[in-house]
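**Student:** Below are the structure tokens for one structure; questions will follow.
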Amino acid sequence: SDFFSVANGIDPKEFGITYSFYPEEECVKRICDSLQHALLGELVSFPNGESELHGIRLPDHSRLSEAPLRNFVAEPIMTRVRIAGWLHRGQFRLPSGNDTLYAGDTVYLSGKKKDLDEFYQWAGIQNELYGTPNRRILIAGATKIGELLIAKLQEEKFDVRLIEADTRRAHELMDRAGHSIFCVNGDPNQEAILREAGVEGAWTFIAVQDDDENNILSSALAKKLGAIKSVALTKKPEYASIVPRIDLIDASINYTRVSVNSVLQHLPQESGVRNVFMMLQQCDNSLYEIEIHPGSIAVGKDLATLRRKFPMIVAQVHRGTEWIAPSGSFSFQEGDVAYVMIPEGMETELIRLMGEK
Numbered sequence: 285s286d287f288f289s290v291a292n293g294i295d296p297k298e299f300g301i302t303y304s305f306y307p308e309e310e311c312v313k314r315i316c317d318s319l320q321h322a323l324l325g326e327l328v329s330f331p332n333g334e335s336e337l338h339g340i341r342l343p344d345h346s347r348l349s350e351a352p353l354r355n356f357v358a359e360p361i362m363t364r365v366r367i368a369g370w371l372h373r374g375q376f377r378l379p380s381g382n383d384t385l386y387a388g389d390t391v392y393l394s395g396k397k398k399d400l401d402e403f404y405q406w407a408g409i410q411n412e413l414y415g416t417p418n419r420r421i422l423i424a425g426a427t428k429i430g431e432l433l434i435a436k437l438q439e440e441k442f443d444v445r446l447i448e449a450d451t452r453r454a455h456e457l458m459d460r461a462g463h464s465i466f467c468v469n470g471d472p473n474q475e476a477i478l479r480e481a482g483v484e485g486a487w488t489f490i491a492v493q494d495d496d497e498n499n500i501l502s503s504a505l506a507k508k509l510g511a512i513k514s515v516a517l518t519k520k521p522e523y524a525s526i527v528p529r530i531d532l533i534d535a536s537i538n539y540t541r542v543s544v545n546s547v548l549q550h551l552p553q554e555s556g557v558r559n560v561f562m563m564l565q566q567c568d569n570s571l572y573e574i575e576i577h578p579g580s581i582a583v584g585k586d587l588a589t590l591r592r593k594f595p596m597i598v599a600q601v602h603r604g605t606e607w608i609a610p611s612g613s614f615s616f617q618e619g620d621v622a623y624v625m626i627p628e629g630m631e632t633e634l635i636r637l638m639g640e641k
């Protein structure tokens, strides 16, 4: 939190607080993570700093579209990248060989970043952000998150443009920044204002206003008018599972879920299970972290056998110094830490199967 700072001379430890966080900074990080790929809806980093879980929307004519997943089992890249789940018409599913994916579906992929990049090339999932000559990013809202975003993106040499209807707020932001910022004074929900700011062909449009509905509307409109990528911030928990279903919004960041996830990362484990490692942004499901104890019935069992008992996908396994994207023949050992996707509402059964005996 910005309340606890060296400048204020206040150390949270003096109040018995072992961990504090600043939700606005966490939201900025999530937004910037989503800018790695035009079709990336969300990114979850695993503790090793190399492996990631991507929620990415399938484009038209992808190699994965309209073909059973079993057709790709023998592809070498599939030994390093795991399809951990997918969203079809807003419904989360665990993949099986008989499933067929379609353009517009969101697919959750896990693996090392370099392997995910190779997977995208293999699957024909092109990143249009890196095919455009400009690095123009439009930010709607002179909010605290908007201010932090502008500073971060200007550091990375983006052409950042602010859209703000309140002239006073825009001037105050620029005064704090200490330098001029390209600013369009107007309502980002209006087509003329978006065009004046240069929305057509813009690298990304990011809506971080105080009003959720305005963020949703302006992001969808910006995408329709030619922004390569649109990102919307919402705060109401109810919008977390609704906005990802809007085709004209490529990535949605929910302030409430980001805050909850920041807390979850620092909760102690019980019975080898961190109940939720990460609540996902694009659906109502979560990623679970499970340590395989000596008494677990999972020890010595391969994934294919366990999946016949319980519907799950293991996105990553941490074993010693290794991070593995496991296939069906993978067998668990004591001390493994598994990151698991399951259907909603089956947490108790997961703990029973994978936790302590």
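Note that the numbering used here has the sequence shown beginning at 285, numbered continuously upward. For each residue, glycine too, the CB sits at the ideal point set by N, CA and C.
1) What beta strand (DSSP E) runs, 3 residues minimum, are completely inside the stretch 338-384?
2) Select from Asp531, Tyr523, Gln549 the residue whose C-alpha is nearest the C-alpha of Arg538.
3) So what does DSSP say about Tyr623, is it helix, strand or coil?
4) Applying the 10 Å Cβ sphere with the 16-neighbour rule, what's the burial state of Leu634?
5) Answer with buried or exposed for Ala387, where buried requires no fewer than 16 other C-beta atoms within 10 angstroms of its C-beta.
6) Under three-state DSSP, which class holds Val527?
7) When you compare only the Cα positions, how much space is there between Gly556 and Ile576?
8) Go through its chain and collect everything with a Cβ distance to Val643's Cβ below 7 Å, but skip five positions before and after it.
9) In three-state terms, what does DSSP make of Trp406?
10) Short of 6 Å in beta carbon distance, which residues of its chain neighbour Ser335, apart from the five on each side in sequence? Order them along the chain.
11) Can you check which of these residues, Val542, His602, Ile526, is closest to Arg373 by C-alpha distance?
12) Is the beta carbon of Ser570 less than 9 Å from the beta carbon of Met638?
13) Should the stretch 454-461 be regarded as contacting the stretch 481-488, the criterion being three or more beta carbon pairs within less than 8 Å?
14) Find out if the Cβ-Cβ distance for the pair Ser613, Asp586 is shorter than 9 Å.
15) By the DSSP assignment, the alpha helix (DSSP H) with Cys467 in it spans what residues?
16) On the three-state DSSP scale, how would you describe Tyr392?
17) Between Ala506, Leu319, Arg591, which lies nearest to Ala476 when the distance is taken from Cα to Cα?
18) Does the separation of the CB atoms of Ile361 and Glu402 fall below 9 Å?
19) In whole angstroms, what is the alpha-carbon distance linking Val425 and Ile447?
20) Would a C-beta distance cut-off of 9 Å place Ala227 and Ala516 closer than the cut-off?
21) According to DSSP, which residues form a beta bridge with Gln600?
22) So, are the CB atoms of Leu323 and Leu342 less than 9 Å apart?
23) Throw me the rounded Cβ distance for the Glu394 and Arg377 pair, which I believe falls under 8 Å.
24) Would Asn499 be called buried (16 or more neighbouring beta carbons within 10 Å of its own) or exposed?
25) Tell me, which residues are paired with Ile490 by DSSP?
26) Counting C-beta neighbours from all protein chains within 10 Å, is the total for Gly325 16 or more, i.e. buried, or is it exposed?
27) Pick helix, strand or coil for Met563, following the three-state DSSP scheme.
28) Which value, in whole angstroms, describes the spacing of the CA atoms of Arg460 and Glu431?
29) Whose C-beta lies closer than 8 Å to the C-beta of Ala588 among residues of the same chain, with five residues either side of it excluded?
**Tutor:** Quick look at the numbers:
1) Listed in chain order, they are 366-372, 375-377.
2) Counting from one through the sequence shown, the residue named residue 538 turns up at place 254. The sequence as given places Asn at residue 538; Arg does not occur at that position. If we check each option's Cα against that of Asn538, Tyr523 comes out closest.
3) If you number the sequence shown from 1, residue 623 lands on position 339. Shown here, Tyr623 sits in a strand according to DSSP, grouped into three states.
4) In the sequence shown, counting from the first residue as 1, residue 634 sits at position 350. By the Cβ-count criterion, Leu634 is buried, with 16 or more other Cβ atoms from all chains shown falling within 10 Å of its own Cβ.
5) Counting from 1 along the sequence shown, the entry for residue 387 is found at position 103. That one is exposed.
6) Here residue 527 corresponds to residue number 243 of the sequence shown, with the count starting at 1. Helix.
7) Here residue 556 corresponds to residue number 272 of the sequence shown, with the count starting at 1. Here residue 576 corresponds to residue number 292 of the sequence shown, with the count starting at 1. Only weak support exists for where Gly556 lies, its pLDDT of 48 falling under 50; the value from the coordinates is given anyway. Those two C-alpha atoms are separated by around 7 Å.
8) Absent from the model: residue 643. The displayed extent of the chain is 285 to 641, so no value can be given.
9) Position 122 of the sequence shown holds residue 406. Residue state, collapsed to three classes: helix.
10) As a first step, residue 335 is located in the sequence shown; it is residue number 51 there, counting from the start. Within the same chain, Ser335 has close Cβ partners Lys396, Gln600, Trp607.
11) Walking along the sequence shown from the start, residue 373 turns up at place 89. Comparing Cα positions, the closest option is Ile526.
12) The residue labelled residue 570 in the question sits at position 286 within the sequence shown. The residue labelled residue 638 in the question sits at position 354 within the sequence shown. Their beta carbons are not under 9 Å apart, which means Ser570 does not touch Met638 by this criterion.
13) Too few Cβ pairs lie closer than 8 Å, so no.
14) Here residue 613 corresponds to residue number 329 of the sequence shown, with the count starting at 1. Here residue 586 corresponds to residue number 302 of the sequence shown, with the count starting at 1. Judged by their CB atoms, Ser613 and Asp586 are nearer to each other than the 9 Å cut-off.
15) For this step, residue 467 is matched to residue 183 along the sequence shown. Under the DSSP assignment, Cys467 falls outside any alpha helix (DSSP H), being part of the beta strand (DSSP E) whose first and last residues are 466-469.
16) To locate residue 392, count along the sequence shown from 1; it is residue 108. Tyr392: strand per DSSP, three-state reduction.
17) What you label residue 476 is simply residue 192 of the sequence shown in a count that begins at 1. Of the candidates Ala506, Leu319, Arg591, the one whose C-alpha sits nearest the C-alpha of Ala476 is Ala506.
18) Here residue 361 corresponds to residue number 77 of the sequence shown, with the count starting at 1. Here residue 402 corresponds to residue number 118 of the sequence shown, with the count starting at 1. It is a contact, given that the beta carbons lie within the stated cut-off.
19) Locating residue 425 in the sequence shown gives position 141, counting from the first residue. Locating residue 447 in the sequence shown gives position 163, counting from the first residue. Residue identity check: residue 425 is Gly in the sequence provided, not Val. Our two residues, Gly425 and Ile447, have alpha carbons roughly 6 Å apart in a direct line.
20) Any answer about residue 227 is impossible in this case: the structure gives the chain only from 285 up to 641.
21) Walking along the sequence shown from the start, residue 600 turns up at place 316. Under the DSSP definition of a beta bridge, Gln600 partners with Tyr623.
22) What you label residue 323 is simply residue 39 of the sequence shown in a count that begins at 1. What you label residue 342 is simply residue 58 of the sequence shown in a count that begins at 1. For Leu323 and Leu342, yes; Cβs fall inside 9 Å.
23) If you number the sequence shown from 1, residue 394 lands on position 110. If you number the sequence shown from 1, residue 377 lands on position 93. Here residue 394 turns out to be Ser, not Glu, going by the sequence shown. For Ser394 against Arg377, the beta-carbon gap comes to about 16 Å, at or over 8 Å, which does not count as contact.
24) Your numbering for residue 499 matches position 215 in the sequence shown. With 16 or more other Cβ atoms within 10 Å, it is buried.
25) Start at 1 with the first residue of the sequence shown, and residue 490 comes out as number 206. In DSSP, Ile490 forms a bridge with Ile423, Val515.
26) Along the sequence shown, read from residue 1 onward, the residue named residue 325 stands at position 41. Here Gly325 is buried, its C-beta having at least 16 other C-beta atoms within 10 Å.
27) Taking the sequence shown and counting its residues from 1, the one referred to as residue 563 is at position 279. If DSSP states are grouped into helix, strand and coil, Met563 belongs with the strands.
28) Residue mapping note: residue 460 aligns to position 176 of the sequence shown, counting from 1. Residue mapping note: residue 431 aligns to position 147 of the sequence shown, counting from 1. Distance between the alpha carbons of Arg460 and Glu431: 9 Å.
29) Numbered from 1 along the sequence shown, position 304 holds the residue referred to as residue 588. Excluding sequence neighbours, Ala588 sits near Gly612, Ser613.
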